[in-house]
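Residue numbers (this note's numbering), protein chains in the order written: chain A, 511 to 701; chain B, 511 to 701.
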DNA sequence: AATATAATCTAATGGCATTAGATAATGAGA
DNA sequence: TCTCATTATCTAATGCCATTAGATTATATT
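Shown next as structure tokens:
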């Protein structure tokens with residue numbers, strides 16, 4: 511009957527990504543996606559195995575994009591500058607792509623090597639931002655965990671509380687960074 | 511036909527709370543809840559308006575419980591001790607009741623005064639833990655936001671990364687607390 | 001033009017939330 | 001103890017969603 515829609519896996523994922531940014535990842539359905547692509551729902555199964563597989567694909571895409579942006583953000587920087595570049599790059603990504611950011615927070619299945627590797631790649635990039643602080647491997651992993659906790663918590667809280675004071679989110683963000691810097695420069699005694 | 515099941519709103523909420531802790535909030539369905547209560551799904555609508563209303567009720571219950579536990583945790587403590595009591599109490603709650611904790615992280619509708627008030631009550635309790643640091647109102651709100659960001663991020667990350675190093679989560683948790691203490695004791699210059 | 005391939009469709013299944021309305025169990029008053 | 005109102009629960013039905021199977025149509029290849 512109808513003309514072909516000219517879909518491709520890439521196009522499907524791109525629109526899925528846009529939709530999740532606009533309506534939230536949890537509101538992204540096969541139904542909505544098909545409607546946006548002007549196609550019947552079953553058509554999507556030529557490009558995607560399932561809704562779960564779609565979410566996974568978005569997570570991988572998100573991690574790749576995040577890695578890319580973080581890498582650029584810390585290029586040529588070190589110390590305090592690198593740290594701030596990293597933090598702002600991640601926050602900016604979360605603001606520009608809330609759906610993708612949400613996708614990146616999902617936990618991969620323990621046997622999903624590809625997904626796990628993508629996550630590790632991002633962590634490794636983040637670790638480079640701490641080079642100037644002279645941390646051993648375990649300490650730099652710790653620092654990454656601290657930064658990720660702070661940023662993710664701050665971003666999540668901003669979505670939750672929303673308003674209140676206008677500059678609250680930005681102030682808190684900066685204060686958290688300062689706290690991390692204080693911690694890093696006045697490193698605690700290891701027992 | 512069948513005997514009455516002897517339900518009550520309280521019982522329904524209690525089982526819903528248990529189920530969300532066991533299977534995750536997002537896996538809590540009217541269907542699952544009805545099955546657990548040995549009753550047909552429509553029966554639940556005598557006690558609950560909708561699935562959304564159930565989630566809201568769990569959020570309120572979670573905020574009340576959290577407020578109670580935090581209040582007890584900081585009773586008679588101040589300064590560093592109060593801060594740690596607060597932090598551990600919240601983390602312990604999240605571990606003991608992952609479903610309820612998740613419910614508490616949902617954002618209330620902007621017009622939902624009751625829900626918002628419950629959230630505010632928790633924040634006020636947390637603010638008391640910072641009494642000894644001599645912060646003005648805005649500073650203590652900031653401190654609460656920092657602590658919440660840290661804890662929520664840390665808890666979320668623990669669920670995400672899971673394992674890796676065994677003590678990583680605990681170490682990160684303590685390091686974040688130390689960072690906050692450093693920030694509070696070496697208060698930044700206000701502009 | 002004929003055919004193979006691939007993209008899309010229709011039809012069907014089963015799960016879920018929700019509503020409407022029927023039925024059966026309980027408790028209160030005669 | 002009987003009657004009746006109340007209310008807890010049920011069955012039936014609707015509509016949305018994800019998914020599968022298999023038919024059909026559009027394009028590319030010869």
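Cβ atoms here follow ideal geometry from the backbone N, Cα and C, with glycine treated the same way.
Cβ pair residue i, residue j closer than 8 Å
{"i": "residue 692 of chain A", "j": "residue 692 of chain B", "result": "yes"}
{"i": "residue 580 of chain B", "j": "residue 636 of chain B", "result": "yes"}
{"i": "residue 562 of chain A", "j": "residue 543 of chain A", "result": "no"}
{"i": "residue 661 of chain B", "j": "residue 653 of chain B", "result": "no"}
{"i": "residue 534 of chain A", "j": "residue 589 of chain A", "result": "no"}
{"i": "residue 538 of chain B", "j": "residue 530 of chain B", "result": "yes"}
{"i": "residue 694 of chain B", "j": "residue 643 of chain B", "result": "yes"}
{"i": "residue 595 of chain A", "j": "residue 663 of chain B", "result": "no"}
{"i": "residue 685 of chain A", "j": "residue 656 of chain B", "result": "yes"}
Chain-ordered chain B contacts of residue i [CB-CB under 7 Å]
{"i": "residue 693 of chain A", "result": "685, 688, 689, 692"}
{"i": "residue 660 of chain A", "result": "659, 660, 663"}
{"i": "residue 696 of chain A", "result": "692"}
{"i": "residue 655 of chain A", "result": "667, 678, 682"}
{"i": "residue 652 of chain A", "result": "681, 682, 685"}
Heavy atom of the ligand HEM within 7 Å of residue i beta-carbon
{"i": "residue 647 of chain B", "result": "Among the components modelled here there is no ligand, and therefore nothing to report on the ligand HEM."}
Neighbourhood of residue i by C-beta distance below 7 Å, restricted to the same chain and skipping five residues each side
{"i": "residue 628 of chain B", "result": "570, 573, 574"}
{"i": "residue 611 of chain B", "result": "572, 603, 604"}
{"i": "residue 633 of chain B", "result": "654"}
{"i": "residue 613 of chain A", "result": "530, 535, 565, 568, 569, 572"}
{"i": "residue 678 of chain A", "result": "none"}
Within chain B, the residues that residue i reaches when beta carbons sit closer than 9 Å
{"i": "residue 574 of chain A", "result": "By Cβ distance, chain B contributes nothing, its closest Cβ being about 17 Å from residue 574 of chain A, past 9 Å."}
Beta-carbon contacts of residue i that lie in its chain and below 6 Å, excluding the five residues immediately before and after
{"i": "residue 549 of chain B", "result": "515"}
{"i": "residue 665 of chain B", "result": "604"}
{"i": "residue 587 of chain A", "result": "595"}
9 Å Cβ cut-off: residues of chain A touching residue i
{"i": "residue 553 of chain B", "result": "Within 9 Å Cβ-Cβ: nothing; residue 553 of chain B doesn't reach chain A, min ~27 Å."}
{"i": "residue 617 of chain B", "result": "669, 670, 671, 672"}
Where residue i sits in the DSSP three-state scheme
{"i": "residue 603 of chain A", "result": "helix"}
{"i": "residue 620 of chain B", "result": "coil"}
{"i": "residue 677 of chain B", "result": "coil"}
{"i": "residue 655 of chain B", "result": "helix"}
{"i": "residue 609 of chain A", "result": "helix"}
{"i": "residue 683 of chain B", "result": "helix"}
{"i": "residue 639 of chain B", "result": "coil"}
{"i": "residue 557 of chain A", "result": "coil"}
{"i": "residue 728 of chain B", "result": "The question about residue 728 of chain B has no answer, for chain B in this structure spans 511 to 701."}
Rounded distance between the beta-carbons of residue j and residue i, thought under 8 Å
{"i": "residue 638 of chain B", "j": "residue 576 of chain B", "result": "In fact, because the Cβ distance is near 14 Å, the residues do not count as touching under 8 Å."}
{"i": "residue 658 of chain A", "j": "residue 667 of chain B", "result": "6 Å"}
{"i": "residue 618 of chain B", "j": "residue 626 of chain B", "result": "5 Å"}
{"i": "residue 522 of chain B", "j": "residue 555 of chain B", "result": "Their Cβ separation, rounded to whole angstroms, is 11 Å, which puts residue 522 of chain B and residue 555 of chain B out of contact at 8 Å."}
Same chain, Cβ closer than 8 Å to residue i, five either side skipped, listed in chain order
{"i": "residue 551 of chain A", "result": "540, 541, 544"}
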